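Asker: Position 256 of the sequence shown, counted from 1, bears residue number 256 in the UniProt record's numbering, the numbering being contiguous throughout. Positions of the beta carbon are idealized from the N, C-alpha and C atoms, including for glycine. Since the model is a prediction, treat every value here as computed from it, not as a measurement.
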Amino acid sequence: MTLSDTSAARTGEAVLAAEGLTKHFPVRRGLADLLARRSRVVHAVDDVTLTLRRGRVTALVGESGSGKSTVARLLSQLYSRTSGDIRLHGRISTVRGGRAFRAYARRVQMIFQDPFASLNPVHTIRYHLTRALRIHGNGGRSRAELEQALHALLTRVSLTPPERYLDKFPHELSGGQRQRVAIARALGADPEVLLADEPVSMLDVSIRLGVLNLLRDLKERLHLAILYITHDIASARYFADETLVMYAGRMVEGGDSETVTQRPAHPYTRLLIESAPDPDTIQGSAQAAAEHTPEDRAGGEPPSLIAPPTGCRFHPRCPAVMPRCSVELPPRLTVGDADGHWAACWLYAPDEVGK
Ligand SMILES: Nc1ncnc2c1ncn2[C@@H]1O[C@H](COP(=O)(O)OP(=O)(O)O)[C@@H](O)[C@H]1O
Ligand SMILES: [Mg+2]
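#1: Give the DSSP-derived three-state secondary structure of residue 53 in the structure shown.
#2: Within the same chain, show all residues whose beta-carbon is closer than 7 Å to that of residue 76, passing over the 5 residues directly before and after it, in chain order.
#3: Short check: CB of residue 242 to CB of residue 257, under 8 Å?
#4: Between the Cα of residue 213 and the Cα atoms of 236, 248, 174 and 192, which residue gives the shortest distance?
#5: Measuring CA to CA, which of 47, 15, 346 and 11 is closest to residue 249?
#6: Would you say the beta carbon of residue 68 comes nearer than 7 Å to a heavy atom of ligand 2?
#7: How long is the line joining the alpha carbons of residue 10 and residue 115, rounded to whole angstroms?
#8: Considering only residues of the segment 13 to 93, which uninterrupted alpha helix (DSSP H) runs meet the minimum length of 4 residues and lie entirely inside it, listed in chain order?
#9: Can you give me the C-alpha to C-alpha distance between residue 70 and residue 22, rounded to a whole angstrom?
#10: Looking at the secondary structure, which residues open and close the beta strand (DSSP E) in which residue 204 lies?
#11: Given residue 79, which residues of its chain have a CB within under 6 Å of its CB, disregarding the five upstream and five downstream residues?
#12: Within the continuous alpha helix (DSSP H) that includes residue 230, where are the two ends?
#13: So which of 61, 175, 197 and 188 has the shortest CA-CA distance to residue 106?
#14: By Cβ distance below 6 Å, which residues in the same chain neighbour residue 330 in space, the five residues on each side in sequence not counted?
#15: Mapping the DSSP letters down to three states, classify residue 242 as helix, strand or coil.
#16: For ligand 1, I want to know if residue 44 counts as a neighbour, meaning its beta carbon is within less than 7 Å of at least one of the ligand's heavy atoms.
#17: Quick one: give me the first and last residue of the beta strand (DSSP E) that residue 253 is part of.
#18: Report buried or exposed for residue 57, applying the criterion of at least 16 other Cβ atoms within 10 angstroms of its Cβ.
#19: Can you tell me whether residue 343 is helix, strand or coil according to DSSP?
#20: Does DSSP put residue 247 in a helix, in a strand, or in coil?
#21: Compute every distance between the C-beta of residue 64 and the non-hydrogen atoms of ligand 1, then say whether any falls below 7 Å.
#22: How long is the line joining the alpha carbons of residue 192 and residue 322, rounded to whole angstroms?
#23: Are the beta-carbon atoms of residue 113 and residue 199 separated by less than 8 Å?
#24: Do the segment 145 to 156 and the segment 120 to 131 touch if we need at least three Cβ pairs shorter than 8 Å?
#25: For residue 20 versus residue 66, is the C-beta distance shorter than 8 Å?
#26: Could you give the distance in angstroms between the alpha-carbon of residue 169 and the alpha-carbon of residue 64?
#27: Relative to the C-alpha of residue 305, which residue among 320, 326 and 247 is closest?
#28: How big is the Cα-Cα spacing for residue 229 and residue 166?
#29: Between residue 351 and residue 328, what straight-line distance do the alpha-carbon atoms span, to the nearest angstrom?
#30: Within 10 Å of its beta-carbon, does residue 92 have 16 or more other beta-carbons around it, so buried, or fewer, so exposed?
#31: Would you check whether ligand 2 has a heavy atom nearer than 7 Å to the C-beta of residue 256?
#32: Please list the segments of the alpha helix (DSSP H) lying wholly inside the segment 136 to 205, counting only runs of 4 or more residues, in order along the chain.
#33: Nearest CA to the CA of residue 182: which residue from 40, 124 and 324?
Take a look at the structure:
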């Protein structure tokens with residue numbers, strides 16, 4: 001058995017997992033708070049549990065402000081967490097800066113929405129990639145080895161021939177090419193996990209598919225575990241194996257992407273999908289997503305995260321609301337139409353099903 005056979009055989013194995021991940025940001029106290037002696041927090045992420053698997057893409061879908069980026073920053077350990085655990089290969093990992101953070105970042109890399117902001121305009125592509133390779137000890141022992149590693153990175157993201165790109169500055173490339181460079185830089189660490197926070201939402205609609213196909217190719221060839229954050233649920237169906245839906249800091253539904261997008265169970269997911277114009281053409285739906293905010297599509301506004309609604313956070317907007325929804329927080333309940341499909345919704349409580 002070759003090395004790549006072994007890695008392929010481990011496809012599906014849990015690489016990075018979060019349990020009960022929670023982040024509350026303190027809010028600056030105003031006079032009224034000081035007088036009332038209260039301190040308030042933004043409940044950005046509450047009790048998020050997820051597993052990223054080798055050779056799989058997991059989509060995290062939700063409207064703006066639902067806590068997606070905070071989840072990515074917690075998973076990358078750029079933010080410390082209020083509570084919950086992060087496990088890398090089953091072992092709890094808590095790192096705060098320094099060498100431990102660098103060792104963690106070698107395995108868990110992040111890609112951001114705006115490749116222009118994440119690349120320094122005064123440095124060439126060669127500089128960015130060399131630095132990434134060297135920091136993580138992948139720069140080789142000679143100039144020739146470094147050059148070879150640089151060529152391999154650019155080839156991997158289909159920027160070929162590499163010598164055409166190496167000595168360019170970020171502004172000399174198109175948005176799609178810059179995002180490919182950002183991906184190549186992440187690959188310089190030789191990671192196991194990629195956390196991609198809306199990696200195509202700033203790109204022209206016409207080149208989004210190309211970048212998503214590149215990520216898919218990395219998943220298949222390098223067996224990476226990928227978290228794909230998006231507000232566009234149609235692209236999740238196209239691209240992700242598993243889809244998780246977030247609303248106002250909490251996860252509300254999860255399952256394999258086909259099931260969640262074709263038979264959504266949570267009323268929030270249903271609203272998102274019903275109002276997404278054409279789920280079969282990722283380009284059309286991406287365009288529509290850019291033109292209509294998810295808030296327009298689902299009706300109503302997302303709630304305050306300083307004083308989130310009690311019970312289910314979606315209850316004030318929910319067309320199927322029941323009395324218990326404003327009182328009790330629904331747990332993850334099995335939907336029962338496919339393996340692993342769940343919704344945090346009282347509609348799926350055993351005493352409600354079949355009513
Ligand atoms: N550093 C921060 N300090 C205070 N509040 C924050 C901070 N980062 C994010 N938030 C708040 O947390 C919530 C979730 O934000 P975010 O994770 O960026 O959502 P998304 O990526 O889904 O748009 C928002 O209400 C946002 O205003
Ligand atoms: Mg975000």
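Answerer: In short, the structure shows the following:
#1: strand
#2: Result list for residue 76: 108, 110 and 195, in chain order.
#3: Yes. Within cutoff.
#4: 236
#5: 47
#6: Yes, Cβ of residue 68 sits closer than 7 Å to a heavy atom of ligand 2.
#7: 32 Å
#8: 31 to 36 and 68 to 75
#9: 9 Å
#10: Where residue 204 is concerned, there is no enclosing beta strand (DSSP E), given that its DSSP letter is neither H nor E.
#11: Once the five neighbours on either side are set aside, the close Cβ partners of residue 79 are 73.
#12: Where residue 230 is concerned, there is no enclosing alpha helix (DSSP H), although the beta strand (DSSP E) it sits in stretches over 225 to 230.
#13: The option with the nearest alpha carbon to residue 106 is 188.
#14: Excluding the 5 residues flanking it on each side, residue 330 has same chain C-beta neighbours closer than 6 Å at 312, 344, 345 and 346, in chain order.
#15: strand
#16: yes
#17: 250 to 256
#18: buried
#19: The DSSP-derived three-state label of residue 343 is strand.
#20: strand
#21: yes
#22: So the two alpha carbons sit approximately 43 Å from each other.
#23: yes
#24: The segment 120 to 131 and the segment 145 to 156 touch, with three or more beta-carbon pairs separated by less than 8 Å.
#25: no
#26: In this structure, the CA atom of residue 169 is about 31 Å from the CA atom of residue 64.
#27: Out of 320, 326 and 247, 247 has the C-alpha closest to the C-alpha of residue 305.
#28: 29 Å
#29: 15 Å
#30: exposed
#31: no
#32: 143 to 156 and 175 to 187, all fully within the segment 136 to 205.
#33: 124
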